[in-house]
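If you want the working numbering, it's the 1-based position in the sequence shown plus 689.
All C-beta atoms in this analysis are idealised placements derived from N, C-alpha and C, irrespective of residue type, glycine included.
Quick caveat: nothing in here was measured; it's all calculated off a predicted structure.
Some notes on the structure that comes next.
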Amino acid sequence: MSALIPTYARADLAFVKGEGVFLETADGEKYLDFGAGVAVASLGHAHPVLVKALAEQAEAVWHTSNLYRIPGQERLGERLVAATFADQVFFTNSGAEAMECAIKMARKYHSAIGNPERYRIITFEGAFHGRTLATIAAGGQAKHLEGYGPVVEGFDQVPLGDMDATRDAITEETAAIAIEPILGEGGILTVPWKHLRDLRSLADEKGILLIFDEVQTGIGRTGKLFAYEWADTTPDIMAVAKGLGGGFPVGACLATSEAAQGMTAGTHGSTFGGNPLAMAVGNAVLDVVLAPGFLEHVQDMGVRLKQKLAQICDTFPDVIEGLRGEGLLLGLKCKVPNQQLIDELFEERLLTVPAGDNVVRFLPSLIVEQEDIDTACDRLNAACGRLSAAAK
Ligand SMILES: *Cc1c(COP(=O)(O)O)cnc(C)c1O
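And the structure:
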């Protein structure tokens, strides 16, 4: 029996070394990593800028707690504010905690402005917001809620993209609407960008807040620093994590000062959130991602990967049904069980990630180059060829 509680259906693979877009097993087998630790290793493995930042901070000081000022936290906060809609930031260790903060902040806002009855949050079918008790309630997926007792109160779920249902779900108790600009775990489900603008207008009309969960879509993943920039609108509150630390655990909840007004001293906290190590790495990630030309590179690579995946969709309609996503957040909706394609890609030494709705996600690190994309697509082509032949 394993010493690990078996909550994960793990592949029988272990990597002991990583460099750029490659991971290596103890036997020296090299895998091309188009999963990036589920969109986390945004700058690939062992990026020299990140390694240096972490090593230098490790020599200086690891942890002091939020009882004191943390210079790296102030700096990263200021940079995130400068680059986004937000005025203020709260740092966490994970995406779920960033969303948990967003949920608490939305409730607290209405309480602070004299509407404590407004605490409910509208979310969308297929959403994923994390695995804490509140965020599984927000996600609303039966498989995540099953057996965990009473579901945390205050979440109302409506079909994705259904504006009428969203409007109808708003009551005197509604505090906010929360949505991922592209639903990642749900299967790279997209809504037209206009839908995000419509949600903004609806929220303004009803005096409620708009929360974007950019835990997966943020930090350049879609070719903009944040996906909401494509939609030409802004949220009041935004959760960020995955790519922000490039593999070091860190998350953030960004907000306008209006939305954050209830979060006064003592109302929220985290022991580890925003610690010096995480902040050193987060700042280093921004050094790279905000450098001139970097996001253009992501957009170029996104277009190339999308084109090549589209060709493979056309070649193997019996294996793949369609292509979804934006930038380097792409998904293939499969006709065969998605795990079958993922397993076949293991044989090809190409790592991908499953998602809901029978999708296989392609989430290479943002430093991926054209030749890596070509190699990955050659391997996918070979895997699809075998699956297609087997199906005949
Ligand atoms: C991964 C993810 C989360 C949860 O992040 P954790 O770090 O696993 O807690 C929340 N929201 C979205 C959109 C995610 O993709």
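The beta carbon of R820 sits closer than 7 Å to at least one heavy atom of ligand 1.
Exclusion of the five residues before and after S946 leaves D776 and Q777 as the residues of its chain whose Cβ lies within less than 7 Å of its Cβ. For ligand 1, no non-hydrogen atom lies closer than 7 Å to the CB of A698. DSSP places I759 in the coil class of the three-state scheme, outside both helix and strand.
Cβ contact annotation for I859 (same chain, cutoff 6 Å, sequence separation greater than five): K895, in chain order. For Q1059, the CB stays at least 7 Å from every heavy atom of ligand 1. For S731, the distance from the CB to the nearest heavy atom of ligand 1 is not below 7 Å. The C-beta distance from T753 to P1006 rounds to 57 Å, too long to fall under 8 Å, and the pair is not in contact. Rounded to the nearest angstrom, the Cβ distance from F937 to L743 is 7 Å, consistent with a contact under 8 Å. Counting the other CB atoms within 10 Å of its CB gives E1033 a total of 16 or more, which places it among the buried residues.
Counting only runs of at least 3 residues, the segment 806-847 fully encloses the following beta strand (DSSP E) elements, listed from N- to C-terminal order: 809-813 and 844-847. The beta carbons of P870 and T923 sit no closer together than 8 Å.
By the neighbour-count criterion, in which a residue is buried when 16 or more other Cβ atoms sit within 10 angstroms of its Cβ, S691 is exposed. The beta carbon of V970 sits no closer than 7 Å to any heavy atom of ligand 1. Under a 10 Å Cβ-count criterion, V740 is classified as exposed, with fewer than 16 other Cβ atoms of the shown protein chains found around its own Cβ. Here the distance from the Cβ of G784 to the nearest heavy atom of ligand 1 is below 7 Å. Per the Cβ contact rule, the segment 1010-1018 is in contact with the segment 908-916 (3 or more Cβ pairs under 8 Å).
The Cβ atoms of V1049 and I1031 sit closer than 8 Å to each other. Taking 7 Å as the cut-off, the C-beta of A742 does not count as close to any heavy atom of ligand 1. Set against 7 Å, the gap from the CB of E869 to the closest heavy atom of ligand 1 is smaller. Per DSSP, P1043 is one residue of the beta strand (DSSP E) stretching across V1042 to A1044. Taking the Cα of P1026 as reference, the smallest distance to any Cα among Y697, L1076, V1057 and A949 is reached at L1076.
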